[in-house]
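Below is one structure; the comments refer to it alone.
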Amino acid sequence: MKWLSRFSFHRRLQFSFLILILLPFIVVTFWSYTSVRQNVSDKITRSNEETLTVIANQIEKTVDSISFVSVYFSETYDPEVLESLRYLKDAENFGNYEVYSHYAKLKSMANILSVQSLDADLKIMMVNRENKIIMGNLDLPVFSAMPERFLQESSKLDKSEKTVLQWFPVGVVNSAPEYYYAARFITDPRNHEQLATLFIGIPNHYFLNLLDTRNPANSLSLLDKQGRMIAIKGESKPSAVENMLVSEVQIPKVGWQLSSQTPRSSIDSHINSEFLVSTSLVGLFFLAFLILSMLWAGYMNKPISLLRTSIKQYVGGNRDVRIQVKGKDEVAVLSAAFNQMLDDINQLLQQVESEQEVKRVLELQALAAQIRPHFLLNTLNSIKVDLLLAGDHSHGSMIDSLMKLLRVYIHVDKPLELAEECKVLGSYVEVMQIRNRLDISFDCLLGSETESIMLPRLLLQPVVENAISHGFSARPTHPVITLEAALMNDMLEIRIGDNGRGMTEDKINRLNRRLLGADDESLRPDKGVGLINTARRLQVLYGYRARLSAEARTGGGMIFTLCIPVTNAKEVVPYDDFNADR
């Protein structure tokens, strides 16, 4: 019996039909031909309906994902996203940093939402009122114009419809659209002004993969509620209804119709061929069939039973169960695939468990990072209140200044207006004068239109710290730090001076060379680190036009000048190019 393992089960069944099975049932075949034909047709119809139901459920899940994405943006639950849409509604290019900042917010949101569309390979893009792409997972550049063919199809949409998805096809591939898009208009809830249009496209190959049943005789098609073809798989030739097995399933959420057509001839030809073979062999081998059929059935069912037992053991929790593969028949191939599937499932389970553990640790770390600053601020606030109640106003004021600094450090990545930065510097000076027991006077003189200019936080603190640490190291009688800001054409000039001990002209020249990056910093790694880092930060953020320079102050002390380029809108200009590292 081992020689049978060389053949597939299909061949084994053929041998069984030719030798033992078909001939004994020739009479029954004649009598039951009509009944068998009808039963097979009914089973195929039910099978097609079940297949269509599975495909429809998968399409419905994809539609639900598309609806979720569209509702998220159209309902604008995130105020930052809404603000970005308002800002980019008429943008045509990266005119300033604010445009890029708002685009980055939409881009990060698109990356998160696109994870839900990986299986369907959806194309998500958002177009503003100028028909420029401001968000999406397409290869088209940002702010690029939409293709003319796409604009012609999308122009047929009802712009007064704001609450439901509108569908339309784009392109043609084998009598079906290349993409089938869902569109939704996004409006401002404040004034109902249109901000953008969200397009989500389903590619034709996604539908073809779903409609592929591996049955060349079966033809599946998907139509929208207007009767337009969305996708078709298999040959669709005109034929009379009575010659076809037709099954249909509706997708109620979108009104699409999924249908399957199977020619009756493909069923009849198979039944007829078996009928003819059975009539010629049934009489000769009836007795042999009665004896050997049971033996062969048990032998052929043995690997299938082993496969079923292994599946039950794995479902019961035994992840190490595997099937021994013998021969080259279908069950052997299925057993090998089953073993590989179990290995993949075990690996996936281990990966999921590892990822969940890492996610749990990161969530705990993030929660702890949020709690610690607020815990420290609340504790310092309690100490401040106790000191003020006890009459210790000096230390209470110091704690209050320290709390202001800590609040700034918590949000160090966010820019701050120059006027607010001066208040932060005032708090820093209060802390330092108590710490160093110096009565330091800090004066700010901000020119017209300079108070609202946005700067990176703590940009000026290293300069003030240098004045206190080095300029007032000799402990002058009346230490004074002055800050003056003025606009000179397209440059913001900030001068920070002190009446400390100052520096010699030779040292000032060496310091200016270091601030311009002309000297090798490895020769003085521990001197002037704060000032050097500030100069380097200016050039990285604002380009070669930004600079920090030092000069002697008339009457003693030092003056440090920061020059930063600004736009006509009086905003600091981030300037990244090849000159930024000079």
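Residue -18 is where the sequence shown starts when you use my numbering, and the numbers rise one by one after that. Even glycine gets a Cβ: it sits at the ideal position worked out from N, Cα and C. Bear in mind that the values here come from a model prediction, so they are computed numbers and not experimental data.
query: Limits of the unbroken beta strand (DSSP E) element including residue 231; result: 225 to 232
query: CA-to-CA distance, residue 395 to residue 469, given in whole angstroms; result: 25 angstroms
query: Three-pair Cβ contact test at 8 angstroms for the region 147 to 162 versus the region 30 to 45; result: no
query: Cβ neighbour criterion (16 or more within 10 Å) applied to residue 458; result: exposed
query: Beta-carbon proximity of residue 62 to residue 107, cut-off 8 angstroms; result: no
query: Any chain D beta carbon closer than 8 angstroms to residue 209; result: Of the protein chains in the structure, only one exists, and it is not chain D.
query: Burial state of residue 512, where buried means 16 or more other Cβ atoms lie within 10 Å; result: buried
query: Burial state of residue 326, where buried means 16 or more other Cβ atoms lie within 10 Å; result: exposed
query: Residue 181 - DSSP class collapsed to helix/strand/coil; result: strand
query: Beta bridge counterpart(s) of residue 542 as assigned by DSSP; result: 476, 530
query: The region 369 to 379 contacting the region 399 to 410, beta-carbon criterion three pairs below 8 angstroms; result: no
query: Nonlocal neighbours in the same chain, by C-beta distance under 8 angstroms from residue 167, ignoring five residues either side; result: 54, 55, 57, 66, 107, 175, 176, 177, 178, 179
query: Where residue 250 falls: helix, strand or coil (DSSP); result: helix
query: Candidates 363, 473, 199, of which the one nearest residue 25 by Cα; result: 199
query: Closest by C-alpha distance to residue 543, when choosing among 537, 445, 530; result: 530
query: C-alpha distance - residue 161 paired with residue 211, whole-angstrom precision; result: 7 angstroms
query: Residue from 337, 441, 73, 115 whose Cα sits closest to the Cα of residue 86; result: 115
query: Residue 523, DSSP secondary structure in three states; result: helix
query: For residue 148 and residue 135, the rounded distance between their alpha carbons; result: 9 angstroms
query: CB-CB length for residue 40 against residue 189, believed under 8 angstroms; result: Contact flag wrong, Cβ pair sits at about 12 angstroms.
query: Neighbour-count burial assignment, residue 234, 16 or more Cβ in a 10 Å radius; result: exposed
query: Environment of residue 499 [buried if 16+ CB atoms lie within 10 Å]; result: exposed
query: Nearest-angstrom Cα separation, counted from residue 132 out to residue 384; result: 56 angstroms
query: Beta-bridge pairing of residue 424 - partner residues as DSSP gives them; result: 463
query: Residue 546 versus residue 182 - alpha carbon distance; result: 44 angstroms
query: Burial state of residue 379 (16 or more Cβ within 10 Å); result: buried
query: As assigned by DSSP and simplified to three states, the class of residue 88; result: helix
query: Residue 127 in three-state terms, based on DSSP; result: coil
query: Paired residues, beta bridge with residue 162 - DSSP; result: 149, 182
query: Backbone CA spacing between residue 30 and residue 243 [nearest angstrom]; result: 12 angstroms
query: DSSP bridge partner residues for residue 469 (one or two, in chain order); result: 472
query: Pairwise C-alpha distance: residue 238 and residue 209; result: 10 angstroms
query: Beta-carbon contacts of residue 463 that lie in its chain and below 6 angstroms, excluding the five residues immediately before and after; result: 424, 478
query: Residue 206 burial status per 10 Å Cβ neighbour count (16 or more: buried); result: exposed
query: Coil, strand or helix - residue 15 by DSSP; result: helix
query: Alpha helix (DSSP H) segment containing residue 413, residue limits; result: 399 to 417
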